[in-house]
Amino acid sequence: IYGDPKLGVSLVTDAVKLALARANTDTSSYNVDQIIINRHDEEYLTDNINDPDAVSEVKKVSNNSIERLTTRVLTPIDSFKGYSHAIVIGGGAPLVADAIRERMGLREDRFVV
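FYI, the numbering for the sequence shown is 1 to 113, going by full-length UniProt numbering.
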């Protein structure tokens, strides 16, 4: 939501970075982003998380934090009606775009990520 500094992909990256640290995988922000992007690729996660027993926990933290971000984005969207167009931007846009698209019910040509 434009102008709300409390909303952003850092809600996800910070949580995943902490989960990775608990998995003996202290890493850069770039690598955290790659873990989030590849969160559905079990082989990628196993290859890039030092503690194989922690892969499921990192996935859980990633999914939960994406859900939390999505909820926080959808709440202010629900306070408005009559959207004609939407542009979803920012680092977390791909993580929340589908939920926003579904909630707003706009035509495909009026929704841009």
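Beta carbons are placed, not taken as given, at the ideal position from N, Cα and C, and that holds for glycine.
On the DSSP letters alone, give me the boundaries of the alpha helix (DSSP H) that residue i sits inside.
i	result
glutamate 57	55 to 77
tyrosine 83	It is not in any alpha helix (DSSP H) - tyrosine 83 carries neither H nor E in the DSSP assignment.
lysine 17	10 to 22
Let me know the secondary structure DSSP gives residue i once reduced to three states.
i	result
valine 96	helix
valine 88	coil
valine 113	coil
serine 28	coil
aspartate 41	coil
arginine 103	helix
asparagine 48	helix
Assign residue i to buried or exposed, taking buried as 16 or more other Cβ atoms, counted over all protein chains shown, within 10 Å of its Cβ.
i	result
arginine 110	exposed
glycine 91	exposed
isoleucine 89	exposed
isoleucine 87	exposed
alanine 23	buried
Assuming residue i and residue j are in contact, meaning their beta carbons sit under 8 Å apart, how far apart are those beta carbons, in whole angstroms?
i	j	result
valine 12	serine 62	7 Å
So, does the region 30 to 44 touch the region 57 to 66, judging by three or more C-beta pairs under 8 Å? yes
Three or more beta-carbon pairs under 8 Å between the region 41 to 48 and the region 68 to 77, yes or no? no
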